[in-house]
């Protein structure tokens with residue numbers, strides 16, 4: 001499951017060079033996003049008209065997982081248990097229910113979610129500071 005920030009970094013060509021092959025492999029083999037990610041990614045007000053069209057084409061290759069009652073129920077439980085924003089709760093719930101790993105740089109947004117597997121392509125960069 002790819003979070004919005006990783007899509008933005010990928011299109012901006014700012015994924016760390018040593019992690020780029022892994023991210024590209026994930027995009028080729030398992031390009032899953034939550035409907036929330038699609039909304040966030042395409043709803044960004046900073047898109048130029050050309051950038052918006054490029055982003056629409058890019059996201060068209062993704063498997064967009066819709067919001068279901070089951071995902072909503074898990075998101076509700078997450079919000080009742082831990083401090084997490086609604087969009088992040090939906091993304092985490094979707095990731096958990098589909099048995100995926102969340103690819104994100106925003107680890108802090110999800111670190112309290114029990115059982116959630118996270119891959120941060122920026123981990124080395126963030127630690128170096």
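In the UniProt record's numbering, the protein residues as written are 1 to 129.
A virtual CB, placed ideally from N, CA and C, is assigned to each residue, including glycine.
Have a look at residue 113 and residue 11 and give me their C-alpha separation to the nearest angstrom. Locating residue 113 in the chain shown gives position 113, where the first residue counts as 1. Locating residue 11 in the chain shown gives position 11, where the first residue counts as 1. If you take the alpha carbons of residue 113 and residue 11, they lie about 28 Å apart.
Among 8, 23, 22, the one whose alpha carbon lies nearest that of residue 43: Working through the chain shown from its first residue, we reach residue 43 at position 43. Comparing Cα-Cα distances from residue 43 to each of 8, 23, 22, the minimum goes to 8.
At the level of alpha carbons, what is the spacing between residue 28 and residue 16? Here the question's residue 28 lines up with position 28 in the chain shown. Here the question's residue 16 lines up with position 16 in the chain shown. Cα-Cα distance, rounded: 18 Å.
In this structure, does DSSP put residue 120 in helix, strand or coil? Indexing the chain shown from 1 puts residue 120 at position 120. Residue state, collapsed to three classes: coil.
DSSP state of residue 11 mapped onto helix, strand, coil: Counting from one through the chain shown, the residue named residue 11 turns up at place 11. Three-state result, residue 11: helix.
Rounded separation between residue 93 and residue 50 - CA only: In the chain shown, the residue the question calls residue 93 occupies position 93. In the chain shown, the residue the question calls residue 50 occupies position 50. If you take the alpha carbons of residue 93 and residue 50, they lie about 33 Å apart.
Work out the CA separation of residue 126 and residue 67 for me, nearest whole Å. Here residue 67 is taken as the residue at index 67 of the chain shown, counted from 1. Here residue 126 is taken as the residue at index 126 of the chain shown, counted from 1. Answer to the nearest angstrom: the Cα atoms are 31 Å apart.
Endpoints, beta strand (DSSP E) assigned at residue 64: On the chain shown, residue 64 is found 64 positions in, with the first residue counted as 1. 63 to 65 is the span of the beta strand (DSSP E), which, as asked, contains residue 64.
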